[in-house]
Amino acid sequence: MLNIVLFGAPGAGKGTQSDLLVAKYNLNHISTGDLLRKEIADQTELGKRIKSIMDSGSLVSDDIVVEMIDKAIASDKQGILFDGFPRNVAQAETLDKLMAKHGRRLTCMVSLDVPREELIRRMLERAKISGRSDDNEETIKNRLKEYENKTLPVAAYYEAQGKHIKINGEGKIEDISANIVAAIEKL
């Protein structure tokens, strides 16, 4: 059973590649961003707190995210693609513990590598189409700074376990997808 973390900076193409990987391998797609945005859309009390945090470009607390992830692992029967989690080394350690708690292990972490300038361009373009309130230039720069300071070290964590696969995230969507699939198939 495949259990994959799809990793990369905001705007790297995780959402696009997630859809393709979920379809190819029949995985349960766990996107923390989607889970959090659902809370916001449902206008729950938690959703209101999350919206304020996300609008500032900061990360939502680990406690909230871990609770959602634990439930997702417990209910999964087909394999999981994690998109947007883990976001820091503490969450990566927690994910390993949660997987072990449910008798599972992470297969690999696929990292989409995209230059900073391209990330900003992509997110500004996405903002024109999606209207997401967290896609404005100031918030984008805050999100990238958060990613570089807190999230990027997760790659080294999985590298030390021999689970990190780095993929060039620039180019045609289908070429990037083919490169990801080829790397996973080697496992």
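Residue 1383 is where the sequence shown starts when you use this note's numbering, and the numbers rise one by one after that.
Heads up, the beta-carbon is just placed ideally off N, CA and C, and yes, glycines get one too.
| Asked | Found |
| --- | --- |
| Leu-1463 (DSSP reduced to helix, strand or coil) | strand |
| Nearest residue (CA-CA) to Tyr-1540, options Ile-1558, Ala-1482, Phe-1389 | Phe-1389 |
| Enclosing beta strand (DSSP E) for Ser-1327 [first to last residue] | Look at the range of the chain in this structure, 1383 to 1569, and you will see that residue 1327 is not part of it. |
| Contact belief for Ala-1474 with Val-1536 at Cβ below 8 Å, rounded distance in angstroms | 5 Å |
| Three-state secondary structure (DSSP) of Tyr-1550 | The identity of residue 1550 in the sequence shown is Asn, whereas the question assumes Tyr. Asn-1550: strand per DSSP, three-state reduction. |
| Alpha-carbon spacing of Lys-1510 relative to Gln-1399, whole angstroms | 21 Å |
| Leu-1488 and Lys-1396 closer than 8 Å at C-beta | no |
| Secondary structure of Asn-1385, DSSP reduced to three states | strand |
| Straight-line Cα distance separating Asn-1561 from Leu-1402 | 12 Å |
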